[in-house]
Structures are given as C-alpha cells and as structure tokens.
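Residue numbers (UniProt numbering), protein chains in the order written: chain A, 1 to 447; chain B, 1 to 447. Yeah, the Cβ is synthetic: ideal placement off N, Cα and C, and Gly gets one too. A quick note: this is a predicted structure, and the numbers were derived from the prediction, not measured.
Number of protein chains: 2
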Amino acid sequence: MMRTRPLKVALLGCGVVGSEVARIMTTQADDLAARIGAPVELAGIAVRRPGRVRAGVPADLLTTDATALVKRGDLDVVVEVIGGIEPVRTLITTAFEHGASVVSANKALLAADGAALHAKAAEHGVDLYYEAAVAGAIPLLRPLRESLAGDRVNRVLGIVNGTTNFILDRMDGTGAGYSEALDEATALGYAEADPTADVEGFDAAAKAAILAGIAFHTRVTIDDVHREGLTEVTAADIASARKMGCTVKLLAICERTPDGRSVTARVHPAMIPLSHPLASVREAYNAVFVEAEAAGRLMFYGPGAGGAPTASAVLGDLVAACRNKLAGVTGAGESAYTQLPVSPMGDVVTRYHISLDVADKPGVLAQVATVFAEHDVSIDTVRQQSRIQGGDETAVEQAGPRREGGEASLVVVTHRAPDAALSATVGSLRKLDTVRGVASIMRVEGE
Amino acid sequence: MMRTRPLKVALLGCGVVGSEVARIMTTQADDLAARIGAPVELAGIAVRRPGRVRAGVPADLLTTDATALVKRGDLDVVVEVIGGIEPVRTLITTAFEHGASVVSANKALLAADGAALHAKAAEHGVDLYYEAAVAGAIPLLRPLRESLAGDRVNRVLGIVNGTTNFILDRMDGTGAGYSEALDEATALGYAEADPTADVEGFDAAAKAAILAGIAFHTRVTIDDVHREGLTEVTAADIASARKMGCTVKLLAICERTPDGRSVTARVHPAMIPLSHPLASVREAYNAVFVEAEAAGRLMFYGPGAGGAPTASAVLGDLVAACRNKLAGVTGAGESAYTQLPVSPMGDVVTRYHISLDVADKPGVLAQVATVFAEHDVSIDTVRQQSRIQGGDETAVEQAGPRREGGEASLVVVTHRAPDAALSATVGSLRKLDTVRGVASIMRVEGE
C-alpha cells in the first residue's frame, strides 16, 4: 500500500501555528505516513522574514517567494496559515490552478469569499479544507458536514471567540469592568495589542458565516452576519444577568427561521441561563451547541485557539487531503443546494432584557408598558434596579419605579418578539419625556 | 452530477432505530440526494415479524429473508440495526461479498470481531462504518478517526452508557439507593427489563474497546477491557464522593500507559471532581472527553441513545458510504498500525478512595498506614466517617479512628498508584484483625 514517492506539502506562513505544523510533520512523520498510506514531505515554507530563528523548522526549506512556491507544479497540498484576504486569495487560487489541494485556517477569507474559492477548487478537482478556521482544535466543520449529513440542523449556538470569553468570564467572576478585564486578557496574551477583531465581534462573525453556510447548505458571507461586539457590556449588565440566574456570553447564533424558508446569522453579547452548558465554558475555551432534528442537542467543546490546537485541526485536514490525493478523489466540498436566503436581523425572534433610566414620577411604568404593548412586544417581568452601590432592589411588578432623587431605573424582560419590533419599541421609548435614557439592551438566549 | 440510477440501500432490522432510518430516508429523500449526489432508494427491509404495523415504513419492502436480501447483488449499502453477534456477522460478511458497504450500529459485534470484519470489507473494496455504535448521535468516531488524524490521542474518558448515568444521577440528586434508582430508570424507559448489559458495564466495555482501537490505532476487543458495573455502588459511596467535592460516574477510560508502549481500557464507577465537565452530564446524556497531544482537551456531548439520535448517526454514515460508492473509492478504514499491546488492569495508575470498617482501639490507624506503606501506596488523606445517620465527621489526619461501640470507619484516599499495588494493599488489609471489612473501593479520576 505504501507508495515510494512522498506526497509534497508546502506551508505558507510559519508563525505560531505554522511552526507547530512543521514541527509535528517532522516529529510524527511515521504516524502521518501510516495514516495517509504514503510518506508526506515538507517541500517548502513561505515566510516574510527568513532570518527569524524558528526552532525545529528546517532553514533550507524557507523562501520569501510564496508565489513561486505554489507554482512549482509538483505540490499535492498547500497549507495556508498566513491569514487575511490578499495576497492569500491569489496564492490559494494559484495553488488550485497548479493542482494542489489547500488546507487553510483563514476564517476571514473563507467568510468573505468561500463560494468562489470552493468553485475554483471544484474546477481544478482539488480539495479545500478549513477545520482550523472555526473553533481551533474542536472538530466541528467535519462533524457538521459529514456526521450530520443525514440530519437537518436547525440551530448552531456557540462561543467561538476565546478572547471575548476570557474577558466576560473575568467580568463575571471578579466584578471587573470591561477595560480592566481587557487589560488582564492583554497582559496574559489572550488579547492582541489591537483587540478590535475580537472585541468588536468581527472574528466571531466570520466564524458564524462559515458555520451557517455548512450547517444549512447555503451561502452566507460575513456581510450577512449581524454583529455587535462586547465593548459596551458593563459590570452592571453582568450583575443584572446574575440576578436573572444568567451569565453574559458573546454568542454566534445561526438559525433557520421558524418557517424554514430562510436563515439568520448573528453575533452579539447575550444573557444565557447558568443551567445552560455554554454558561460553564470558562476562560478562553470555545464550545458550540448544535441542535439537529434527529440528533437532538449536541455540544462540542475545546480550546479555540493557540498554536498546537490549531495545528491539530490543520493536520487532520492535511491527512484527509493527502488521502484523497492518493485515491485520486476529492472529499465532500461545498454544499449550497438549499439556496436559502439570509433574513435581516429584524426577523430574528428572541427575548430581551432592557434597562431604562426613567423619571421618578407616577405613571411612568404605565407609559413604558403602553409603548411595549403598542409594538406588540409582550412583557415578562419588570423590575426596579438600584444604580447606587450597595443599594437594594425591589420587584415592582405592579408598582411604580422607586423614587430616588428624581430618577429611577427600570429593567424590563420581554417574551419572545421580533428584533424589529423591539428596535421600534426602543425608538419610541427614547421619545418619552419620562425616559432619560436606555442604559442597555441585551438579548436573552438559550432557554 | 446527479446520476439517474439511484443508489440502493437495504435495511436489516426495523425496530426503534430502523423505522426512524426508513422514515427519514423517505421524508428527507431530496436532502439526502443533494448531499450524496444521487438519489438513494430503499430496496428492502429485513424483519422478523412482517405483520407488525410500522408507521411510515412501506409494507411492500418488508421481507423475512435477510440472507436473500443481502445476496441480491445490486445493493450499494446495507444498514444493519439488528444487533447481537449472529446471524448479523454472517449477514454483514455476505453483504461485503456481494459488493455492498455496511453501516452498522452494532457495538457488541464490532467490539468482539471488528478486525475480521474490517479485513473482509477491505478485501471486497467496500466500507464498514459504525458511528452509531458508540455514544449514539454524538459525532465521535469520525472526529477521532479523521479530524484528529494528525494528532496523538493520549486518553479517552467518557460517559458512554445513558442508563447507568441516569441511575447515578438519580442517586446523586435524591440520595436514593441503587435499586430504587434502577426502578425509576426502568419505569421511565431508560433501563431495559433485563438491565444486565448496562448495569454490569458490558455495553460500556464494548464501546471502550471500539474507542481504544480507533484512538490508539491498535486492536482492542471487549475481552481486553477491565469491567466493573455499578450494582455495588451505595448511597454511602455517593455521599462520600460529595464530601470530597466529587460525584460518581460509570466511566469508560482508554489510556496510553506513561511509557507509550501499551494501552489500557477499563470501565468502572469512579469519583470525579464536581468541577470536571463530565460531572455535570445529567440524566441519560453521554459525553466523551478526548485528550490529545496538540489539540488539548476536547469534549463531545449529546444524547447517547434513542431512535432518532441513533438514526442521525446511521444516516451520516450512509451518506458517506453512498458518496464513496459514487466516487468508486473507500473511506479511511481500520488503522491498527501501532499494534500496541493492551496492558492488564494491574498496570493502570490512578488514585483510590477506600472505606474500611475497623476496630475501635488505639494503633489501628498506624497498622493501616503501615500496610499502605509496605505496598508503596502513598496516602493523601485519612478521614473518620460516621455510619450513623446524622452523625458528624472529623478529619483525623494525625489522630486515631473515632471510638464508637467498638467499631469505627476509616476512609483513606491515596495518591496515584498502580492498581496491582492497591489490590495487594487491600488483600493485606483484609488480613488485619483490626480491619472488620473493606466497605468499598472506588477509583478517583479526572483530576
């Protein structure tokens, strides 16, 4: 069974993930050969700075000319761990044109332009795999694409960004504010110097687009994903969540709409009950809940980032791509046959936790309740919440807001309603003289 | 891409799982065809009692002659959901000989004779898939085999039997004894009329054998798996676990030995810390922890049994087998290249919680401690534990056992030690005049 000619693999990028991939390919060469059915050989590594010392990476394989590398024509698989859109898109396309399958960890590119890349791969009869692009080491895309291929996925609900989970976990655990928790994440290496991609939800939105596309067999790009980051989550929001028996997580949520005719994809902070398995996902771990019609509720949990975990996912794909090359076939590619449209955020139906600063005078609750009713948003509970440190709190289901120097605070939790109706409600609330401000709006999920 | 000739599938067995498979194949035929690339047709269903009404199952496809069905020669895939060793082994072998791939949910057969079946499938150039045999709907075997193909798995630790998890969850939650909890499980349909296979650990041991084989690329049969059921777990054990911040679970544990030269596989009740993710797996759910060198700690969670969840796993395999048939290839088959031997239970190294009934007189603790020392088993803590309801408890690290009508109870928790050393220790303890009895021995895992 073992061929003499080894399979040739090129590596684009040799940072934290790339050097780990190179290391494992060298140290576990025998295992990989046994699993593939032929030895696998590192043919070249494209880097920007060849002078940088990389432990365990053969220096004679380094090149700065990535284009020449992918044009060699004798490569079986190209592993791309550079990231970003260009020049990577051109490099991957060139690799396809020269007969190589591609294993990528590039969520941004796949979420922006996955359909065109899949079409190009199919045109040239090669594979495009990217398990590492979503939730690091957690096997997620292959199970969704293959293990659940005979089932119908209705919902994917996940924590897919470790940085923001670390920040929220610290805020929840210590009572720290956002900035303080972000500083700790940066100091510990969980957040980058410029944390924008993580904290504004861009990273999670790219992953949501990829997950929605695979789960629902349709095409979803990052532009289709409603996105809210966590920079406006306050210690007060976390405390409010606790009072409801919830915690706050930055969730990626992909759903079929109830009529099954479209899908939605969104990323935003949300309250989830402490009893939900996602609530106990701590620190920088990732976890993804999948709800399928026959399988029921599944959860996949593990490290969502890091050199070694991401390399594990890359190597799993590499073995699959190499096996296919040996057999002269391609694996299950993109499946977009349902062609379901992506509905806007306004169509999403969920529950809401709204915190209002209101004037302290009679009739305010009645006014507020009327606005909700006018927009057909049904109220579950109303609570008065003190903003004074150490102040206590009173449920005011039928009473008015608490009097306190002319200002009080109302927390309204709704039943399920369309996001558009909630937005309209909030718009009307802002116009009330008695509403001084809308302190926060947060969705409530996982119930 | 869509072929005109449909792929032909035969179903062996039409009970809870089989009828769900038939139903989904009919109702979701278009989805399946889109995912496979060709329509898939149910060609026949072998049953024992064709007269039994099966909702949604076409009566004209039923036959009692399973052998004739698998010998038709025009089948692409045979789905086997009968269970047991014979006549299933012969039917599967006959299906291979007539060119059909096989999808099976049969843990007993795979754990007893997987190697021979894989060899037979390879000989005839067809696939043998059995995701449904372990942990029901949870995608586990495919991720282990494919997603982690470039990684090295060191440990698999899981709750793979829903019946026993339900029983232990009830004992933990209500303080009920084993019999009472079993009665409740039976009444609710979680336990069969004859619960032996579940409560004695045979079911979990078969799954452990399959998991160990795939995780470590070697051959493990159910005879290699050390097995202890949960029939001797008492309410006192559960209470003792709580006092240690633990709960009791029936675990399947497959490990590489520390030197990497062999593997072990075992099923037994064990205490695990409440902080471990497996501790919060409730009711009849399954969950499996996988520890891999690069990926780190992964967990897979979901329903481990039931008609629809098991059908989901069967159909995922069916899609894969059909895709391979269309492409004229076979998927990743058995991988047993490491040929690691299976070490006996005595070589397993873990911690132990031992509960002793001892005479209430001076010097007993010294005697007991000496026996542990003689066998090189290091003691972590010693506690006196009252057996009187409502009695309190005192840590006696340096004191003797509590005096109480001539009898006392000692709980010893050890550091990590080989199972053989612990067994020898217990043998010697039993010979001491002052030790009236060994009330329970339980391993402590997941730390």
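By the C-beta criterion, the segment 130–140 of chain A is judged to be in contact with the segment 103–121 of chain A, since at least 3 inter-stretch pairs fall below 8 Å. From the beta-carbon of arginine 152(A), the residues of chain B found nearer than 8 Å are Gln28, Asp31. Among the CB atoms of chain B, none fall inside 8 Å of the CB of alanine 208(A). When C-beta distances to chain A are compared with 9 Å, the residues of the segment 121–144 of chain B below that value are Glu131, Gly136, Ala137, Ile138, Pro139, Leu140, Leu141, Arg142, Pro143, Leu144, in chain order. Interface flag for methionine 299(B) against chain A is set, since a Cβ pair is found closer than 8 Å. Neighbours of arginine 323(A) across chain B, judged by C-beta separation under 7 Å: Ala332. In this model, tyrosine 301(B) and alanine 181(B) are separated by some 23 Å (Cα to Cα). The beta-carbon of valine 78(A) is placed no less than 8 Å from the nearest beta-carbon of chain B. Pairing alanine 193(B) with tyrosine 285(B), the inter-Cα distance amounts to about 20 Å. Look at serine 179(B): its C-beta is not under 8 Å from any C-beta on chain A. Straight-line measurement puts the Cα of proline 273(A) at about 8 Å from the Cα of methionine 244(A). Taking 4 residues as the minimum length, the alpha helix (DSSP H) runs contained wholly in the segment 46–72 of chain A are 66–70, in order along the chain. Counting only Cβ-Cβ distances below 9 Å, arginine 54(A) has no contacts in chain B at all, with the closest Cβ about 17 Å away.
For the C-beta of glutamate 146(B), the chain A residues within less than 7 Å are, from N- to C-terminus, Arg142, Gly316, Ala320. For a cut-off of 8 Å, the C-beta gap from proline 6(A) to alanine 38(A) is around 6 Å, short enough to register as a contact. Distance from valine 349(B) to arginine 416(B) at the Cβ level is roughly 5 Å; contact confirmed, criterion being Cβ atoms closer than 8 Å.
Counted as a single uninterrupted DSSP element, the alpha helix (DSSP H) harbouring serine 312(A) occupies residues 307–327. Per DSSP, the continuous alpha helix (DSSP H) segment holding isoleucine 210(A) begins and ends at 202–216.
For glutamine 384(B), the number of other beta carbons within 10 angstroms of its own is at least 16, and it is reported as buried.
In this structure the segment 327–344 of chain B touches the segment 213–223 of chain B; the number of beta carbon pairs closer than 8 Å is three or more. Within 10 angstroms of the beta-carbon of leucine 429(A) lie 16 or more other beta-carbons, which makes it buried.
At the C-beta level, arginine 256(A) and asparagine 154(A) come within 8 Å of one another.
Following the DSSP letters along the chain, one finds glutamine 367(B) inside the alpha helix (DSSP H) bounded by residues 364–374. Counting every other CB atom within 10 Å of its CB across the protein chains shown gives lysine 361(A) a total below 16, marking it as exposed.
In the DSSP assignment, tyrosine 178(A) falls outside any beta strand (DSSP E) and lies within the alpha helix (DSSP H) extending over 178–187.
Taking a cut-off of 8 Å for Cβ pairs, the segment 143–151 of chain B and the segment 112–121 of chain B do not touch, as fewer than three such pairs fall below it. Unbroken alpha helix (DSSP H) runs of no fewer than 4 residues, entirely contained in the segment 106–132 of chain A, are found at 107–123, following chain order. Below 8 Å, enough C-beta pairs join the segment 226–237 of chain B and the segment 171–179 of chain B to call them touching: three or more. Chain-order list of chain A residues neighbouring valine 329(B): Ala327, Val329, by C-beta distance under 7 Å. Annotation for asparagine 324(A): Ser101, Asp127, Thr330, Gly331 place their beta carbon closer than 8 Å to its own, counting only its chain and skipping 5 residues before and after. Minimum Cα-Cα distance from valine 88(B) among the listed residues Leu69(B), Ala373(B), Asp380(B), Asp74(B) corresponds to Leu69(B).
Taking the beta carbon of proline 39(B) as reference, no residue of chain A falls within 7 Å; the closest one sits roughly 13 Å away. Relative to the Cα of phenylalanine 202(B), the nearest Cα in the group Asp223(B), Asp376(B), Gly189(B) belongs to Asp223(B).
Close to chain A, meaning a Cβ-Cβ distance shorter than 8 Å, is no residue of the segment 93–111 of chain B at all. In this chain, the beta strand (DSSP E) harbouring lysine 249(A) covers 246–256.
For arginine 35(A), the C-beta contacts it makes with chain B under 7 Å involve Ala149, Ser335, in order along the chain.
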